[in-house]
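Per my numbering, the first sequence runs over residues 109 to 539.
Okay, structure first, notes after.
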Amino acid sequence: MAAKAFISELKDYIGQDVTISGWLYNKTGKGKLLFLMIRDGTGIVQAVLFKNNVEEDVFEKCEHLPQESSLHITGHVVEDKRAKGGCELQVKEIQVVHVAEEYPITPKEHGTEFLMDHRHLWLRSNKQHAIIKIRHEIIKSCRDYFDNLGFTLLDAPIFTPAACEGTTNLFEVNYFDEKAYLTQSGQLYMEPGAMAFGKVYCFGPTFRAEKSKTRRHLTEFWMVEPEVAFCDLNQNMDLAEGLVSYIVERVLENKRDELETLERDISALEKVKKPFPRIDYDEAAKILKEAGSEFVFGDDFGGGDETIISDKFDSPVMVTHYPANVKAFYMKNDPQRPDRALCVDMLAPEGYGEIIGGGQREDDYETLVQKIKKHDLPMDSFKWYLDVRRYGSVPHGGFGLGIERTVSWLCGRSHVRETIPYPRMLYRLYP
RNA sequence: UCCGGUGUAGCUCAAUCGGCAGAGCGGGUGACUGUUAAUCACUAGGUUGUAGGUUCAAGUCCUACCACCGGAGCCA
109 MAAKAFISEL
119 KDYIGQDVTI
129 SGWLYNKTGK
139 GKLLFLMIRD
149 GTGIVQAVLF
159 KNNVEEDVFE
169 KCEHLPQESS
179 LHITGHVVED
189 KRAKGGCELQ
199 VKEIQVVHVA
209 EEYPITPKEH
219 GTEFLMDHRH
229 LWLRSNKQHA
239 IIKIRHEIIK
249 SCRDYFDNLG
259 FTLLDAPIFT
269 PAACEGTTNL
279 FEVNYFDEKA
289 YLTQSGQLYM
299 EPGAMAFGKV
309 YCFGPTFRAE
319 KSKTRRHLTE
329 FWMVEPEVAF
339 CDLNQNMDLA
349 EGLVSYIVER
359 VLENKRDELE
369 TLERDISALE
379 KVKKPFPRID
389 YDEAAKILKE
399 AGSEFVFGDD
409 FGGGDETIIS
419 DKFDSPVMVT
429 HYPANVKAFY
439 MKNDPQRPDR
449 ALCVDMLAPE
459 GYGEIIGGGQ
469 REDDYETLVQ
479 KIKKHDLPMD
489 SFKWYLDVRR
499 YGSVPHGGFG
509 LGIERTVSWL
519 CGRSHVRETI
529 PYPRMLYRLY
539 P
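Here's what the structure looks like:
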């Protein structure tokens, strides 16, 4: 009786018989030789059949087996330099679990629309598989980073009563007899949490009903949002820099095969090292002016502007002190320059844009009330939020890291839609 | 929402000035003992996105609509 094994551990079984369970990824052959590429979710291995060495019915079963048919396959594991992964399986027996119908995704090229319509199947493909494995590593790194620093996970609600930031469009849903909105950020809920636990973070999906049609936007995306009490802008930046460099380190350490599958330029990621460059808005504006951008001083940066700025550096660059009026109401103004916010955006290299936005929060009750009024937001909705400034208010801050943009950057993908299992976009709710 | 682009076989694409609807891959049949997107031979496969218009003749020109792609704004 052969042992059950996963393809990723086959190297430990060289010289032994094993049974693997998986799907037929691809098939080639040459006369009496048949090569079956088998995948089981942990890897891919080549199974070899030579007609004269196996039972006739075993060969015949495999000869016309369609792509993605599921099977149990028993064979002898042998070392073979010709095989990717260093070993292959000499087939002895095969049990077909299901003969697949004609599989739509062939090893040849396909267009975006077709692949996105078949996203549920596309996830089986090599590169998509690698992206999701890297996404997993990134998410796990985020959790480990904060957990190791003594943060407490404080999940934010998905249903919210009002706009967190006022400006962007929210998805409205019926909540019994009233209106609710899908959250666009957990941050407001983290601030009271920081006052209870000192250091907290939330990790979850967020929703934006913006009709954005770009490579950097999804309507549903994931964010990790830490919030820390007794924390100023610089300490906040230290935390952000530590997180991102830790993520990059972990991915380089544990997901090198996947990066190679994706043909990612690994040397570019290896250049990402603390300390990250820190510049303020004025310096960023100067870079844009020198590059001949049409950027207007006082405005927020456009996507193209972010690329120009980040191209100046190998590591992500942190841009601080934006004009207060282009930032959210809860940002604290710089006491030295009241027209500026104590905020930071982290721009990823290679044109991947903003992966982090955050800053120090307004901690003075009266100032915050004035800001809410100025932004024309419903005061009642923020009563609980204002309480943070009434009972032992302290300087505090935090940020949000966009998971999909981070995955997109580390995987070298041109579009965030490939970095989440089932993307939700302006014109896509399926599958 | 605005600007630009593309819709032809299951998939990726070609079709010259408006003049017979094509190829590769995938599917099927067969050959081949080391393939890696194998190769070779044969074969099936079409309401050219939808509706209308111009013309002897429309995949090709015109109008509207639909779908998708890229970008802008907004943001992570």
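From the three backbone atoms N, C-alpha and C, an ideal C-beta is built for every residue, glycine too.
Predicted model only: the values in this text are computed from it and were never measured.
Residue nearest to residue i in terms of C-alpha spacing, selected from the options
{"i": "Val153", "options": "Lys119, Lys394, Pro431", "result": "Lys119"}
{"i": "His535", "options": "Glu221, Gly400, Asp148", "result": "For the sequence presented, residue 535 should be read as Tyr rather than His. Answer by Cα proximity: Glu221."}
{"i": "Lys321", "options": "Ala111, Val524, Ile528", "result": "Val524"}
{"i": "Ser249", "options": "Phe279, Tyr354, Glu414, Ile122", "result": "Tyr354"}
{"i": "Leu347", "options": "Arg497, Val452, Val156, Leu231", "result": "Val452"}
{"i": "Gly183", "options": "Ser177, Phe279, Glu176, Val166", "result": "Val166"}
{"i": "Phe338", "options": "His180, Arg147, Lys479, Val308", "result": "Val308"}
{"i": "Gly410", "options": "Ala317, Glu349, Ala393", "result": "Ala393"}
{"i": "Leu296", "options": "Phe315, Glu280, Thr268", "result": "Thr268"}
{"i": "Glu171", "options": "Leu197, Lys135, Asn161, Lys192", "result": "Lys135"}
{"i": "Gly301", "options": "Gly312, Leu261, Leu450", "result": "Leu261"}
{"i": "Thr475", "options": "Ala208, Pro265, Pro443", "result": "Pro443"}
{"i": "Arg497", "options": "Ile247, Gly294, Asp472", "result": "Asp472"}
{"i": "Arg532", "options": "Gly219, Arg243, Glu328", "result": "Glu328"}
Distance between residue j and residue i (C-alpha atoms, nearest Å)
{"i": "Lys287", "j": "Tyr538", "result": "25 Å"}
{"i": "Lys189", "j": "Glu201", "result": "23 Å"}
{"i": "Leu397", "j": "Phe403", "result": "The identity of residue 397 in the sequence shown is Lys, whereas the question assumes Leu. Each residue's alpha carbon lies about 7 Å from the other."}
{"i": "Leu290", "j": "Asp263", "result": "14 Å"}
{"i": "Ser418", "j": "Gly459", "result": "6 Å"}
{"i": "Glu357", "j": "Gln343", "result": "21 Å"}
{"i": "Arg445", "j": "His429", "result": "9 Å"}
{"i": "Ile181", "j": "Ile511", "result": "38 Å"}
{"i": "Leu173", "j": "Gly139", "result": "16 Å"}
{"i": "Val502", "j": "Asp255", "result": "23 Å"}
{"i": "Gln583", "j": "Leu179", "result": "This structure cannot speak to residue 583, because the chain is shown only from 109 to 539."}
{"i": "Ala456", "j": "Ser522", "result": "13 Å"}
{"i": "Asp187", "j": "Leu142", "result": "The sequence given here places Glu at residue 187; Asp does not occur at that position. Roughly 18 Å between the two C-alpha positions."}
{"i": "Leu223", "j": "Val185", "result": "34 Å"}
{"i": "Pro385", "j": "Ser423", "result": "7 Å"}
{"i": "Ala399", "j": "Leu144", "result": "53 Å"}
{"i": "Phe311", "j": "Tyr253", "result": "13 Å"}
{"i": "Val425", "j": "Gly412", "result": "15 Å"}
{"i": "Phe259", "j": "Gly306", "result": "8 Å"}
{"i": "Pro265", "j": "Pro215", "result": "42 Å"}
{"i": "Thr275", "j": "Trp492", "result": "Only weak support is given to the placement of Thr275: the predicted model assigns it a pLDDT of 47, under 50, and the value that follows is read from those uncertain coordinates. Answer to the nearest angstrom: the Cα atoms are 20 Å apart."}
{"i": "Ile247", "j": "Met345", "result": "20 Å"}
C-beta atoms of residue i and residue j nearer than 8 Å
{"i": "Lys440", "j": "Glu462", "result": "no"}
{"i": "Thr127", "j": "Lys235", "result": "no"}
{"i": "His206", "j": "Ser177", "result": "yes"}
{"i": "Ile528", "j": "Leu341", "result": "no"}
{"i": "Lys241", "j": "Glu366", "result": "yes"}
{"i": "Gly508", "j": "Met303", "result": "no"}
{"i": "Phe437", "j": "Lys479", "result": "yes"}
{"i": "Ile387", "j": "Val427", "result": "yes"}
{"i": "Leu132", "j": "Ile146", "result": "yes"}
{"i": "Leu518", "j": "Leu377", "result": "yes"}
{"i": "Gln363", "j": "Glu245", "result": "Checking the displayed sequence, the identity of residue 363 turns out to be Lys instead of Gln. Closer than 8 Å, so yes."}
{"i": "Asp373", "j": "Gly520", "result": "yes"}
{"i": "Phe315", "j": "Phe279", "result": "yes"}
{"i": "Ala155", "j": "Glu117", "result": "no"}
{"i": "Ile122", "j": "Asp148", "result": "no"}
{"i": "Arg227", "j": "Tyr530", "result": "yes"}
{"i": "Leu494", "j": "Val515", "result": "no"}
Coarse secondary structure for residue i, derived from DSSP in three states
{"i": "Gln124", "result": "coil"}
{"i": "Tyr389", "result": "helix"}
{"i": "Val427", "result": "strand"}
{"i": "Val166", "result": "helix"}
{"i": "Phe267", "result": "strand"}
{"i": "Phe311", "result": "strand"}
{"i": "Asn277", "result": "coil"}
{"i": "Leu261", "result": "strand"}
{"i": "Glu526", "result": "helix"}
{"i": "Cys339", "result": "coil"}
{"i": "Thr182", "result": "strand"}
{"i": "Ile460", "result": "Rather than Ile, the amino acid found at residue 460 in this sequence is Tyr. Note: Tyr460 maps to coil in three-state DSSP."}
{"i": "Ser116", "result": "helix"}
{"i": "Pro95", "result": "The structure shown does not extend to residue 95, since the chain is modelled only from 109 through 539, so no value can be given for it."}
Beta-bridge partners of residue i, as assigned by DSSP
{"i": "Lys363", "result": "BP columns for Lys363 are empty, so no partner."}
{"i": "Met145", "result": "Asn134, Gln154"}
{"i": "Asp453", "result": "Val427, Gly465"}
{"i": "Arg536", "result": "Met533"}
{"i": "Ala111", "result": "Val126"}
{"i": "Lys440", "result": "Partner(s): none; Lys440 has no beta bridge."}
{"i": "Glu328", "result": "Phe315"}
Near the ligand ZN: residue i beta-carbon under 7 Å from a heavy atom
{"i": "Ile247", "result": "With respect to the ligand ZN, the structure offers nothing, as it holds no ligand at all."}
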